[in-house]
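Sequential numbering from 114 applies to the sequence shown in the working numbering.
C-beta: ideal position from N, C-alpha, C; glycine also.
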Amino acid sequence: MPPTQPPTPAPTPEPAPTPTLPPLPGLEGPTIITDIANRKLSDVTIPVGTVVLWSQLDAGSHTTTSGTPGNPSGLWDSGELARGDSFSYTFREEGAFRYFCKIHPDTMRATVQVAPAG
Numbered sequence: 114m115p116p117t118q119p120p121t122p123a124p125t126p127e128p129a130p131t132p133t134l135p136p137l138p139g140l141e142g143p144t145i146i147t148d149i150a151n152r153k154l155s156d157v158t159i160p161v162g163t164v165v166l167w168s169q170l171d172a173g174s175h176t177t178t179s180g181t182p183g184n185p186s187g188l189w190d191s192g193e194l195a196r197g198d199s200f201s202y203t204f205r206e207e208g209a210f211r212y213f214c215k216i217h218p219d220t221m222r223a224t225v226q227v228a229p230a231g
């Protein structure tokens with residue numbers, strides 16, 4: 114009886130890009146809107162040149178700040194966003210950009226994954 118071969122693991126799929134909208138008035142490129150809600154920030158995957166527009170839907174204040182708690186990168190910082198406020202940033206370079214809420218740094222963290230355009 115021949116030896117059995119272990120099953121070949123399936124390849125890990127690449128994250129699917131987050132759907133984008135055409136440029137919105139006042140913004141310079143294709144746009145995705147991601148909500149700050151239920152004390153959560155969202156991971157998103159976008160192509161280079163995309164604008165991320167964060168909409169703050171919670172009753173309390175939040176921020177979207179590039180980097181990690183205790184180590185902000187200085188790339189962007191929304192300042193405090195009250196309910197109904199929004200903030201946008203255009204991603205012009207590829208890479209993984211971690212971000213967090215300065216007010217809730219222990220629980221609100223996420224990543225914007227920026228892939229090559231096209």
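Query                                                                                                               : Result
Under 7 Å between C-beta atoms of Thr177 and Phe200                                                                 : yes
Simplified DSSP state of Lys153, which is helix, strand or coil                                                     : strand
Nonlocal neighbours in the same chain, by C-beta distance under 8 Å from Pro229, ignoring five residues either side : Pro160, Val161, Glu207
Straight-line gap, Leu166 to Ala195 (C-alpha atoms, nearest Å)                                                      : 15 Å
Ile216 beta carbon less than 7 Å from that of Ser174                                                                : yes
Residues sharing a beta bridge with Ile159, DSSP                                                                    : Val227
Nonlocal neighbours in the same chain, by C-beta distance under 7 Å from Asp198, ignoring five residues either side : Gln169
Endpoints, beta strand (DSSP E) assigned at Asp190                                                                  : 184–190
Local Cβ density within 10 Å of Thr181, reported as buried at 16 or more and exposed below that                     : exposed
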